[in-house]
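Undergrad: For the sequence shown, the numbering used here assigns the number 19 to the initial residue and increments by one for each residue that follows.
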Amino acid sequence: MLKTKVGRRHLIDTDELTVEEMETLFGRAAYWRDHPEAWFQTGKGRFVANWFLEPSTRTRVSFEVAEKRLGMETIDLDGETSSTVKGESFYDTLRTLSAIGAEVVVVRHAGVGTLAEMAWENPGVSLVNAGEGNGGHPTQALLDLFTMQEHFRELKGLTVAIIGDIRHSRVARSNYWALKAFGARIILAGPESMRNPSLEENAPYLPVDEAIQQADVVMMLRVQLERHRETLFSSPDVYRHAYGLTPERLEAMQPHAVMMHPAPVNRGVEIADELVEHPRSKIFEQMANGVWIRMAVLERAIEGGRWR
Numbered sequence: 019m020l021k022t023k024v025g026r027r028h029l030i031d032t033d034e035l036t037v038e039e040m041e042t043l044f045g046r047a048a049y050w051r052d053h054p055e056a057w058f059q060t061g062k063g064r065f066v067a068n069w070f071l072e073p074s075t076r077t078r079v080s081f082e083v084a085e086k087r088l089g090m091e092t093i094d095l096d097g098e099t100s101s102t103v104k105g106e107s108f109y110d111t112l113r114t115l116s117a118i119g120a121e122v123v124v125v126r127h128a129g130v131g132t133l134a135e136m137a138w139e140n141p142g143v144s145l146v147n148a149g150e151g152n153g154g155h156p157t158q159a160l161l162d163l164f165t166m167q168e169h170f171r172e173l174k175g176l177t178v179a180i181i182g183d184i185r186h187s188r189v190a191r192s193n194y195w196a197l198k199a200f201g202a203r204i205i206l207a208g209p210e211s212m213r214n215p216s217l218e219e220n221a222p223y224l225p226v227d228e229a230i231q232q233a234d235v236v237m238m239l240r241v242q243l244e245r246h247r248e249t250l251f252s253s254p255d256v257y258r259h260a261y262g263l264t265p266e267r268l269e270a271m272q273p274h275a276v277m278m279h280p281a282p283v284n285r286g287v288e289i290a291d292e293l294v295e296h297p298r299s300k301i302f303e304q305m306a307n308g309v310w311i312r313m314a315v316l317e318r319a320i321e322g323g324r325w326r
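1. Could you round the C-beta distance between ARG27 and ALA281 to whole angstroms and report it? I think they count as a contact, below 8 Å.
2. Using three-state DSSP, classify TRP7 as helix, strand or coil.
3. Buried or exposed: where does LYS300 fall if 16 or more other Cβ atoms within 10 Å of its Cβ makes it buried?
4. Who are HIS327's beta bridge partners in DSSP?
5. Within 8 Å, do at least three Cβ pairs link the stretch 63-71 to the stretch 121-128?
6. With a threshold of 7 Å on Cβ separation, who are the neighbours of VAL294 within its own chain once the five nearest residues in sequence on each side are excluded?
7. Identify the residues that DSSP records as bridge partners of TRP69: which are they?
8. Would you call MET19 buried or exposed, if buried means 16 or more other Cβ atoms sit within 10 Å of its Cβ?
9. Tell me which same chain residues have a C-beta within less than 8 Å of the C-beta of PRO222, skipping the five on either side of it?
10. Rounded to whole angstroms, what is the Cα-Cα separation between GLN242 and ASP183?
11. Indicate the three-state DSSP secondary structure (helix, strand or coil) for THR36 in the structure shown.
12. For the alpha helix (DSSP H) that MET313 lies in, which residues bound it at each end?
13. Would you report the Cα separation of ALA159 and THR177, rounded to the nearest angstrom?
14. To test your reading of the DSSP string, which unbroken beta strand (DSSP E) runs of 3 or more residues are found completely within the stretch 199-256?
15. In chain order, what residues of the same chain have a beta carbon less than 7 Å from the beta carbon of PHE164, not counting five sequence neighbours either side?
16. How is the beta strand (DSSP E) around ALA179 delimited, first residue to last?
17. From the DSSP output, in three-state form, read off VAL2 for me.
18. Grouping DSSP H, G and I as helix and E and B as strand, with all else coil, what is ARG76?
19. Does the count of Cβ pairs from the stretch 251-270 and the stretch 135-153 closer than 8 Å reach three?
20. For SER116, which residues of its own chain have a beta-carbon under 7 Å away from its beta-carbon, when the five flanking residues on both sides are left out?
21. Buried or exposed: which applies to ILE118, given that a residue is buried once 16 or more other Cβ atoms fall within 10 Å of its Cβ?
22. Are the beta-carbon atoms belonging to THR157 and VAL37 less than 8 Å from one another?
23. So LEU173 is in the alpha helix (DSSP H); what residue range does that whole segment cover?
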């Protein structure tokens, strides 16, 4: 294998991006949103492979819509139909996709660190992380920050409370690195059994009610039941009462504060059912913004880290 430096054409996680690069991605996302007449041209005749080895609805569909709006040709693989089930290595599958014409591979899988390793081994394609175990989910973080910037105009100085299953969340990690780069203040809250000490070095851990009262953005995390090896709470009602966003806690938020969630939402667990579509909820705006951010990320990938 020919090893090379991790190039700017890859997107493995937000800690690799400068503020300037993220600002450029936000600008391109806004451009794609505001200029539908420019769709279907940039990626015309270019091939992208979507390789999802873990379940996904929102992220996969969001990438597919972004790819089609750029005019790209798409190749879809999953864990059951790719040759990895016959023993082909991750690297060799990527080399094969490169050899047959794919320029970008969008990957979701469970192995933390695998994509960074593959980027160093130079498989001949641009790699885009669509969610890697509990490690990172950079496009989710970018769409979250894009949504915050569109609402508040300025990220520096915002207080963002990340609340819930931090230990098992790849979204929390990617948001942490990106928000920190912009100079936002990050505070954490949630159950003791779901804490992540590595993120608490620069982000205080507060009681849920205190965090919600201080925040400009209340970011509730999904309880990652599929990653729990043991029962961490006794019932949805118990979790919601202790750590979830209830109508009473919504009333305690600052008047200008908004609520976010990476989805899918466990209605009635981390957020009371009636609050999911509340006027102060940004959840569906986040989903819509995901397409524009992914168009910008894919454009960056096929242009080798540069823009026209």
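C-beta: ideal position from N, C-alpha, C; glycine also. Fair warning: this is a prediction, and the values are worked out from it, not measured in the lab.
TA: In short:
1. Taking the first residue of the sequence shown as 1, we reach residue 27 at position 9. Taking the first residue of the sequence shown as 1, we reach residue 281 at position 263. Wrong, their Cβ atoms sit about 28 Å apart, outside the cutoff.
2. Residue 7 is absent from the model: the chain starts at 19 and stops at 326.
3. Within the sequence shown, the letter at position 282 stands for residue 300. LYS300 should be labelled buried.
4. Residue coverage of the chain in this structure runs from 19 to 326, which leaves residue 327 outside it and unanswerable.
5. yes
6. Mapped onto the sequence shown, residue 294 falls at position 276. Only VAL283, ARG285 and ILE301 meet the Cβ criterion.
7. Position 51 of the sequence shown holds residue 69. Bridge partners of TRP69: LEU95 and VAL125.
8. Position 1 of the sequence shown, counted from the first residue, corresponds to residue 19. The predicted position of MET19 is uncertain, since its pLDDT is 41 and thus under 50; no value can be drawn from it.
9. Here residue 222 corresponds to residue number 204 of the sequence shown, with the count starting at 1. Around PRO222: ILE205 and LEU206.
10. Numbered from its first residue, the sequence shown carries residue 242 at position 224. Numbered from its first residue, the sequence shown carries residue 183 at position 165. Rounded to the nearest angstrom, the two C-alpha atoms are 7 Å apart.
11. Taking the sequence shown and counting its residues from 1, the one referred to as residue 36 is at position 18. Residue state, collapsed to three classes: coil.
12. Counting from one through the sequence shown, the residue named residue 313 turns up at place 295. First-last of the alpha helix (DSSP H) with MET313: 301-320.
13. One-based indexing of the sequence shown puts residue 159 at position 141. One-based indexing of the sequence shown puts residue 177 at position 159. Roughly 16 Å between the two C-alpha positions.
14. 203-207 and 235-238
15. Here residue 164 is taken as the residue at index 146 of the sequence shown, counted from 1. Same-chain partners within the cutoff: PHE44, ALA47, ASN307 and ILE311.
16. Indexing the sequence shown from 1 puts residue 179 at position 161. ALA179 -> beta strand (DSSP E) spans 177-181.
17. No answer is possible for residue 2: the residues shown for the chain start at 19 and end at 326.
18. The residue given as residue 76 occupies position 58 in the sequence shown. It is helical.
19. no
20. Here residue 116 refers to the residue found at position 98 when the sequence shown is read from its first residue. Around SER116: PRO141, GLY142 and VAL143.
21. Start at 1 with the first residue of the sequence shown, and residue 118 comes out as number 100. Exposed: under 16 other Cβ atoms inside 10 Å.
22. The residue you call residue 157 lines up with position 139 of the sequence shown. The residue you call residue 37 lines up with position 19 of the sequence shown. No, the Cβ-Cβ distance between THR157 and VAL37 is not below 8 Å.
23. If you number the sequence shown from 1, residue 173 lands on position 155. LEU173 -> no alpha helix (DSSP H), and no H or E assigned at all.
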